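A quick write-up on the structure given underneath.
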DNA sequence: CGCAGTCTTTACAACGATGTAAAAGACGCA
DNA sequence: TGCGTCTTTTACATCGTTGTAAAGACTGCG
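Residue numbers (this note's numbering), protein chains in the order written: chain A, 759 to 1102; chain B, 759 to 1102.
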């Protein structure tokens, strides 16, 4: 910057002023400086700027697994929204090892992140507890807590709607595929919310819930969904519909059902969550809970930016509307599969 | 850091030494310092460190479209590999607007990126020309040039193998779906390579190539593939196989074929590229060109790290082996579709 | 006990930018 | 022209680290 200043015959501070618009700079001076910057192909050093004024222009985006379709969609949306606001995005992955949670907290501070968008799966507590030492955080996803800003869809209501839809199309024994919270209190995380909504709807429909119809999967990927479904089929439990907790899980399940010769939707209905691009184009297009990913990302960034401006704001919660997108995979009534069928 | 130093009764430089291991520090001193760091919950400021020694520990990853399945897989792999090397990843997206290319070059410098992994689609020239002013770059993908390090698969050979496979399973009129390079010289980018390999195989098999069987798609997404396929079907041109240039395109095409009542593989064979998770789990599991994404990412990071260590190295090229993964979608021989069928 | 040689620790300056406060310049009006 | 006022530009210090070089502490040996 010194060089630019010399070339333009001004002080470094004036160059800085031109750059940041902090102070008035007279037209001719400004032109000289801009000319000099162009000639020297000058770009400011953000490390130095960050050091001086504590802002780096970088935000973090932490997701459990960057490889999933949902992550890709969200990453895309966040990066776009961030660019629109002059910010740059650093990505982190949290699910691989539990130790990452703590890493994350540390890294967030060392790497001079101005703020962070976090999709916690098991992360809730450890983060919230360090909140004072962390940059501003916006949680995305259905974490029930009131100490940070958050953006979410009403997963419980959505799961309920989905299940009511399955029931109204003739399903009676619906598998919840994606997580059973063995004995734990429901309600805090995504899994809990969706499971709650699932149970709400069963109760409401006069159907009984059963632990045998709530199944965990190894991870929220297509492969994970397939494995979960395979295990469930091996158990022989009777069922006629599946509520998968993400589209990826649903697609894995769909594949496994096909493999087993069980037809969707003739034998079994299936419904997913998130409306990733793939869901619409699946072999059997997938009924799913959809919401506007761009809007989701934009809301997260708005909350984050405003909090970066003023850390004393009260925590806010922004609910994004969702809707049930009905496609071929739930055109019931289903004939059913599992023990009953084989016993017939 | 000063506070830590005071608390431990040493100079700031000693704290720094403990942190970086630059100089020997005696055991008792080191323990006192570490104790103090713990008590004060100290983390070093990377902006300052970056300012001082020009290294930020951040690398950039620039992909055309972060929303695709392939991007997700690569992002995942790169982030994992980067963490293993103590680096953090900043993501950029280049395809949205052409202007992004230039932005990217600028941002790479302002945001103090130590290095960059770049998957260029149209980006080749503008980047290479600024090479001296940029941080180290590793190109991923099949860009033919010899001024930067690169990691790639032999797309031309792979496309050739795929087409030979299609031919050996009975295909005669194979659609290349993903890009036609209208009049331009082939060979530089991914599209060119794959198209070349496609033509190589046709020639080798004694089949004629035809512009009517080389079709561009709006973008390399599932929706893009679907649109491309729909247009092609509307043209009525006879065909019995599809070589899609990515799995996403293939999945879109597959969907559109199903919609049109054309069966895969009974009527038309289809083969993709990249082996994303989804390909294996598609309605009709997709034959595709697969390669090890982890290895791909690791190779890119190895090249990048070594060049960050020594910018004078000769440009290197690292080829990752690929293999044709044969699944249901190419179990020929196909009956064919298009004009011939409808004219019958 | 003293000294060379080695190992630890320190003081200082610098990386590049910007906030603060003061200096210099421009302008209007008497 | 001269004075006060407002605008533009400048000097200086500082953000948190670390390289350099020099000072200080320790070791072993004669």
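C-beta atoms are modelled at their ideal positions from N, C-alpha and C, and glycine is treated no differently.
Source: prediction; values computed, not measured.
Asked                                                                                                                                : Found
Enclosing alpha helix (DSSP H) for residue 772 of chain A [first to last residue]                                                    : 770-778
Which of helix, strand or coil DSSP assigns to residue 943 of chain B                                                                : For residue 943 of chain B, the predicted model reports a pLDDT of 45, less than 50, meaning its position is unreliable; a value from the coordinates is still stated below. Looking at residue 943 of chain B - three-state DSSP - the assignment turns out to be coil, as it is neither helix nor strand.
Sufficient close CB pairs (3 or more, under 8 Å) joining the region 789-809 of chain A to the region 795-805 of chain B              : yes
Neighbouring residues, chain B, relative to residue 1009 of chain A (Cβ below 8 Å)                                                   : 1036, 1039
Closest Cα partner of residue 1070 of chain B within the set B:767, B:905, B:983                                                     : B:905
Spatial neighbours of residue 821 of chain B in its chain, beta-carbon cut-off 6 Å, leaving aside the 5 residues before and after    : 829, 877
Under 8 Å by beta carbon: chain A residues contacting residue 870 of chain B                                                         : 803, 804, 805
Proximity test, Cβ basis, 8 Å: residue 808 of chain B and chain A                                                                    : yes
Beta strand (DSSP E) runs contained entirely in the region 980-1021 of chain A, provided each spans 3 or more residues               : 999-1002
Beta-carbon proximity list for residue 923 of chain B, same chain, < 8 Å, skipping 5 on both sides                                   : 1029, 1045, 1082, 1084, 1088
8 Å Cβ cutoff met for residue 915 of chain B and residue 956 of chain B                                                              : no
DSSP bridge partner residues for residue 1046 of chain A (one or two, in chain order)                                                : A:1030, A:1083
Rounded C-alpha distance that separates residue 1036 of chain A from residue 1010 of chain A                                         : 12 Å
heavy atom of the ligand FAD below 7 Å from residue 957 of chain A C-beta                                                            : Although the ligand FAD was asked about, the structure shown includes no ligands whatsoever.
Any chain B beta carbon closer than 8 Å to residue 707 of chain A                                                                    : Outside the displayed range of chain A (759 to 1102) lies residue 707 of chain A, so it cannot be described from this structure.
Same chain, Cβ closer than 7 Å to residue 777 of chain A, five either side skipped, listed in chain order                            : 802
Contacting residues, own chain, Cβ-Cβ under 8 Å from residue 963 of chain A (five flanking each side not counted)                    : 921, 922, 925
Cβ contact (3+ pairs, closer than 8 Å) linking the region 982-992 of chain A and the region 1006-1023 of chain A                     : yes
Element boundaries [beta strand (DSSP E), containing residue 909 of chain A]                                                         : 907-911
CB contact flag (residue 1003 of chain A, residue 935 of chain A, <8 Å)                                                              : yes
C-alpha gap between residue 958 of chain A and residue 1000 of chain A, whole angstroms                                              : 16 Å
Beta-carbon proximity of residue 872 of chain A to residue 1073 of chain A, cut-off 8 Å                                              : no
Close-in-space but distant-in-sequence residues of the same chain around residue 941 of chain A (CB under 6 Å, 5 per side omitted)   : Any answer about residue 941 of chain A is weak, because its pLDDT of 43 lies below 50 and its placement is not dependable; what the coordinates show is given next. Taken in chain order, the list of residues that qualify is empty.
CB of residue 937 of chain A within 8 Å of CB of residue 974 of chain A, strictly                                                    : yes
Proximity to residue 792 of chain B [Cα-Cα], best of B:761, B:1058, B:817                                                            : B:761
Neighbour flag for residue 867 of chain A against chain B, beta carbons, 8 Å                                                         : yes
Extent of the continuous beta strand (DSSP E) to which residue 871 of chain B belongs                                                : Looking at the DSSP string, residue 871 of chain B is not in any beta strand (DSSP E), and its letter there is neither H nor E.
C-alpha gap between residue 1048 of chain B and residue 1038 of chain B, whole angstroms                                             : 11 Å
Cross-strand partners of residue 1136 of chain A (DSSP beta bridge)                                                                  : Residue numbering for chain A in the displayed model covers 759 to 1102; residue 1136 of chain A lies beyond these limits and cannot be assessed.
Nonlocal neighbours in the same chain, by C-beta distance under 8 Å from residue 1005 of chain B, ignoring five residues either side : 827, 828, 1030, 1031, 1032, 1033, 1034, 1036, 1037, 1044, 1046
Terminal residues of the beta strand (DSSP E) in which residue 1076 of chain A lies                                                  : 1075-1078
Enclosing alpha helix (DSSP H) for residue 836 of chain A [first to last residue]                                                    : 827-842
Nearest neighbour of residue 870 of chain B, chosen from B:835, B:815, B:842 [CA to CA]                                              : B:815
Beta-ladder partner(s) of residue 848 of chain A, from DSSP                                                                          : A:818, B:848
Residue span of the alpha helix (DSSP H) that contains residue 791 of chain A, given as start and end                                : 785-798
Helix, strand or coil at residue 1097 of chain A [DSSP, three-state]                                                                 : helix
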